[in-house]
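Residue numbers (the working numbering): 3 to 614.
We put the CB at the ideal spot given by N, CA and C, even for glycine.
Given the structure is predicted, the values throughout are model-derived calculations rather than measurements.
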Amino acid sequence: MTHGIGRRSLITAAAVMGMLGFAVTPATAAGPGNSDDAPFRGRIVSMLQHMSVEEKVGQLFVVEVYGRDATAVTATAAANNRRLYGVDTPAQVIDKYKPGGVIYFTTRGPDNFGTPTQIATLSNGLQTAATDQPAGIPLLISTDQEGGALVARFGAPATQMPGQMPLGASRSAEHAHRSAEVIGTELAAVGINQDYAPVADVNVNPANPVIGIRSIGEDPQLVAELVAAEVDGFHDGGVAAAAKHFPGHGDTATDSHFGLPEVTHTREQLEAIDLPPFRAAIAEGVDTIMTAHVVLRSIDPSGAPATMSEPILTGLLREELGYDGLIVTDALDMQGATSTYPPNVAPVAAFKAGADMLVLPPQMDVAFNAVLSAVRSGEISEKRLDESVYRVLRLKLQRDLFEDPFVDADAAAAIVGAPAHVADAQTISDDTTTLLKNDAGVLPLSTEPRDVLVTGWGVATTSTLGGAIAARGQSVTVRETGLTPSAAVIAEVAAAAANHDLVVVSTNNASNVSATTGLPTASAAAQQAFVQALLASGTPVVVSAMRNPYDISVMTNVPTALATYGYTAASLESLTRVLFGENEPVGKLPVTIPTADRTGVLYPFGHGLGFD
């Protein structure tokens, strides 16, 4: 499909590209463009010729906007837009900066997610604002819909897929593909055309505070296989995919939202552990790769974060891995970026390092003008600017956004949360629950009526689990204790446990250790004490780790333990089905569970009991 560009135009375009410094043959490190670009190349070059420098710089930025409509927002949303951008509405933000992309959030503050029809209407309104500009360039509209319990911006009624580590426990590339396809289909229905997923990090550090269950697991080949399947699935669902966080965030003990982590992997470890999933994603045609705010001295001895490191983004990713797709930064307002680089420096440094799109600069006016000034002064060449804008425009053409950037808002509600999607989420989740211990032979439970106490962390988690158990004919009491139960609550609930036939307790990172003191965090210590008090009640206790599966390492005297790697409704239903023997616990550990002192192995990668 040449979009109306004839042979003569393509020849002319080739000549123009030569003048602009682009390669007309397959891509090299000198510039973007490869043989697959032929249908788009002439059109992109023509657009570049007619765009102002300001319009080109605008295409480099991905912004957030407050509100659920492009032109009509609440007073609170308008105030937040004014605080960030000096204008009231999302449409006015687009008009002011002409950005290349927008990212949707909910809990962060912008409150973009409501009903499917509302989200689709917002997307259409933003695309109208973008295409009404002189250059008429549609937006990449993105979000972080990784699946699972942690990073899923689009909540109900959207189908909540199980997430990365549960997929790792399933060992199924087919499940990974279908999960991404469902997510992509529902995002596309509401006008979101790019998902900042899949997570390609290999989680080899049990103390990782930011990745954990967001990763498929610790085995690079398993992660690579499932990430490749997800890239394909997102494409089949109709959205662009973004593998993150390059060059790998899986072996860090600092959350880059709040500090600057350092990955101490040697070049050999990097090749063996971190890079295989990114290589697999590239081979599968991933559209975008997102950077990590991590230091990797084996590639860049200067200690610059990968986001601002030319040896990592240009040398390693572009030149060595041969990647010519879009490189986007992780959010530039994270401490991993802002603690080292001022608002006027970070965007220029990231762009010069090799990034194409700059996500969420903390001060948009400052960032925009800093990049614009760097271009006008020659610090950033126009050729380098054109290379990145070329990639942005190419992706938009590849996603057919110029032809039809709009969606049918009235049809969105029937697609989002469709019964077939919900059924698929349950089918996939049923293959993820892992039985770690069954020493007392408590499981599977009979259907004989009993009094069950469901307790531990999570208001929605305990109530949903309690409801699922009650649906099996059990008499259920739910007593949620919070993440850090007090001594009084521990004593009260443990006393109540003695009057029940069974206790099912939910834990959440009960093995966490403070990076500062080396001791259990307050919440971990409280949860450990709570479980021991429940065991002392004499009532049989079933412990389910609802987040990272490492909790069993600090409560090895628990006779019955499972891991769900998340707490979506489907994951909790799967857990209940396993408890009552309706399903076999077929999930296998996608990580090693170390001993509490981290010097040995408690349960190896691949461990998982069955009932047979």
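- Looking only at 300, 204, 62, 418, the smallest Cα-Cα distance to residue 593 is reached by 204.
- Looking from the CA of residue 437, the closest CA among 198, 560, 127 belongs to 560.
- With contacts defined as CB atoms closer than 8 Å, residue 331 and residue 361 qualify as a contacting pair.
- Straight-line measurement puts the Cα of residue 602 at about 21 Å from the Cα of residue 267.
- Per DSSP, residue 453 lies in no alpha helix (DSSP H) segment; the continuous beta strand (DSSP E) that holds it begins and ends at 453–458.
- In the displayed model, residue 544 falls within a strand according to three-state DSSP.
- Contact between residue 244 and residue 196 is confirmed by a C-beta separation of about 7 Å, below the 8 Å threshold.
- Its chain contains 564, 566, 576, 577, 580, 587, 589 as the residues whose beta carbon lies nearer than 7 Å to that of residue 435, once the 5 sequence neighbours on both sides are disregarded; these appear in chain order.
- Selection 549, 123, 520, 404 evaluated against residue 133 yields 404 as nearest (Cα-Cα).
- Across the set 600, 80, 114, the C-alpha of 600 shows the shortest separation from the C-alpha of residue 553.
- One alpha carbon belongs to residue 494, the other to residue 557, and they sit about 21 Å apart.
- Sequence-distant partners of residue 511 (beyond 5 residues in either direction) whose C-beta falls short of 6 Å from its own C-beta, in its chain, are 549, 550.
- Counting C-beta pairs closer than 8 Å gives fewer than three between the stretch 535–545 and the stretch 514–523, which falls short of the contact rule.
- In this structure, residue 582 sits away from residue 451, with a CB-CB distance that is not shorter than 8 Å.
- Straight across, the Cα-Cα distance linking residue 444 with residue 503 is about 12 Å.
- Note that the C-beta distance between residue 454 and residue 431 is not below 8 Å.
- With distances taken between CA atoms, residue 614 lies nearest to 585 out of 63, 585, 604, 401.
- By the criterion of at least three beta-carbon pairs nearer than 8 Å, the stretch 220–232 is in contact with the stretch 176–188.
- Between the alpha carbons of residue 507 and residue 545 lies a gap of roughly 5 Å.
- By the beta-carbon neighbour count (other beta carbons within 10 angstroms, threshold 16), residue 322 is exposed.
- When Cβ pairs closer than 8 Å are counted between the two stretches, the stretch 86–96 is seen not to touch the stretch 411–430, the count staying below three.
- The beta-carbon separation of residue 339 and residue 309, rounded to 6 Å, stays under the 8 Å limit for a contact.
- Remark: C-beta atoms of residue 327 and residue 281 do not approach each other more closely than 8 Å.
- Between residue 242 and residue 497, the alpha-carbon positions lie close to 53 Å from each other.
- Listed in chain order, the non-local C-beta contacts of residue 107 below 7 Å within the same chain comprise 66, 114, 155, local neighbours out to five positions each way being set aside.
- The straight-line gap separating the alpha-carbon atoms of residue 122 and residue 220 is approximately 37 Å.
- In the DSSP assignment, residue 147 falls within the beta strand (DSSP E) that extends over 147–149.
- The beta carbon of residue 126 is closer than 7 Å to those of 193, 408, 409, 411 in its chain, skipping five residues each way along the sequence.
- Within a 10 Å sphere around the beta-carbon of residue 237 sit 16 or more other beta-carbons, which makes this residue buried.
- Ranked by Cα distance from residue 150, the first of 100, 69, 218 is 218.
- Partner residues in the beta bridge of residue 264, as assigned by DSSP, are 297.
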